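To keep things clear, I will list the structure first and then write my remarks on it.
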Amino acid sequence: MIFWFLDSMKPLQILNDHSDRIWSLAWNPKGTLLASCSTDKTIRIWSSSGSDDQQFKCGSILQDAHSRTIRSVSFSHCGRYLVSASFDSTIVVWELKDGDFEILSTLEGHENEVKSAVFSPSGRYLASCSRDKSVWVWE
1 MIFWFLDSMK
11 PLQILNDHSD
21 RIWSLAWNPK
31 GTLLASCSTD
41 KTIRIWSSSG
51 SDDQQFKCGS
61 ILQDAHSRTI
71 RSVSFSHCGR
81 YLVSASFDST
91 IVVWELKDGD
101 FEILSTLEGH
111 ENEVKSAVFS
121 PSGRYLASCS
131 RDKSVWVWE
């Protein structure tokens, strides 16, 4: 994963913490956290030092929630929730509590790999799509 300076298009920092292919990235609404997900079945939560050089470090590793590749991650608009979609056909909703993400719910129903899941702007709904050619809207 590479962080870039947009004005100069030069790399700021290269992070190699995942052990396999990275599929998706998502910033939280405040821009203070970045989630990455991978074929290594983990989600990593990155934060910056807050200094001018903006060095990022891995603050949390979310694991053991999915049995296959995690294909996408997305934050809710309030930033309290994170959703992950996996090739194991499940969706996991994570809740930020006391600085750590905990599993709030595991959603099952798709018959094949889940490719993406996102929250609605209100946060009331969650939409997911799958290789099974379906889109589900969860309440």
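Heads up: the sequence shown at position 39 corresponds to 39 in UniProt numbering, and the numbers run straight through without jumps. Glycine included, each C-beta is placed from N, C-alpha and C at the ideal position. Model, not experiment: these values are computed from the prediction.
Flag this pair as yes or no: are the beta carbons of residue 84 and residue 73 separated by less than 8 Å?
To locate residue 84, count along the sequence shown from 1; it is residue 84. To locate residue 73, count along the sequence shown from 1; it is residue 73. Yes, the pair counts as a contact, with Cβ atoms nearer than the cut-off.
Residue 111 in three-state terms, based on DSSP:
For the purposes of this step, residue 111 is identified with residue 111 of the sequence shown, where counting begins at 1. Residue state, collapsed to three classes: coil.
Residue 107 and residue 94 - do their beta-carbons sit closer together than 8 Å?
As a position in the sequence shown, residue 94 is number 94, starting the count at 1. As a position in the sequence shown, residue 107 is number 107, starting the count at 1. No; because the gap between Cβ atoms is not below 8 Å, this pair is not in contact.
Option in 110, 138, 21 and 59 with minimal Cα separation from residue 120
Start at 1 with the first residue of the sequence shown, and residue 120 comes out as number 120. Closest by alpha carbon: 138.
Note down the Cα distance separating residue 25 from residue 32, rounded to an integer number of angstroms.
For the purposes of this step, residue 25 is taken as residue 25 along the sequence shown, with counting starting at 1. For the purposes of this step, residue 32 is taken as residue 32 along the sequence shown, with counting starting at 1. Roughly 13 Å separates the two Cα atoms.
Keeping to the same chain, check which residues put their C-beta closer than 6 Å to that of residue 104; ignore five residues upstream and five downstream.
Here residue 104 refers to the residue found at position 104 when the sequence shown is read from its first residue. The beta carbon of residue 104 sits closer than 6 Å to those of 93 and 95, all from its chain and outside the five residues before and after it, given in chain order.
Just to confirm the assignment, what range does the beta strand (DSSP E) spanning residue 139 have?
As a first step, residue 139 must be located in the sequence shown, where it is residue number 139. Unbroken run through residue 139: none, as it is neither H nor E.
Straight-line Cα distance separating residue 100 from residue 141:
Absent from the structure is residue 141, since the part of the chain shown begins at 1 and ends at 139.
Starting from the C-beta of residue 110, find all residues in its chain whose C-beta is less than 6 Å away, skip the five residues before and the five after it, and write them out in chain order.
The count along the sequence shown starts at 1 and reaches residue 110 at position 110. Hits under 6 Å: 89, 130 and 132.
For residue 12, three-class secondary structure by DSSP
The sequence position of residue 12 within the sequence shown is 12, counting from 1. In the structure shown, residue 12 sits in a strand (DSSP, three-state: E or B).
Could you check the C-alpha separation between residue 67 and residue 38 for me, to the nearest Å?
The count along the sequence shown starts at 1 and reaches residue 67 at position 67. The count along the sequence shown starts at 1 and reaches residue 38 at position 38. Whole-angstrom Cα-Cα distance: 12 Å.
Per DSSP, the bridge partner or partners of residue 57:
For the purposes of this step, residue 57 is taken as residue 57 along the sequence shown, with counting starting at 1. Note: residue 57 sits in a beta bridge opposite 47.
Just to check, is the beta-carbon of residue 15 closer than 7 Å to a non-hydrogen atom of the ligand NAD?
With respect to the ligand NAD, the structure offers nothing, as it holds no ligand at all.
Cα-Cα separation between residue 136 and residue 115, rounded to whole angstroms
Here residue 136 refers to the residue found at position 136 when the sequence shown is read from its first residue. Here residue 115 refers to the residue found at position 115 when the sequence shown is read from its first residue. The alpha-carbon atoms of residue 136 and residue 115 are separated by roughly 12 Å.
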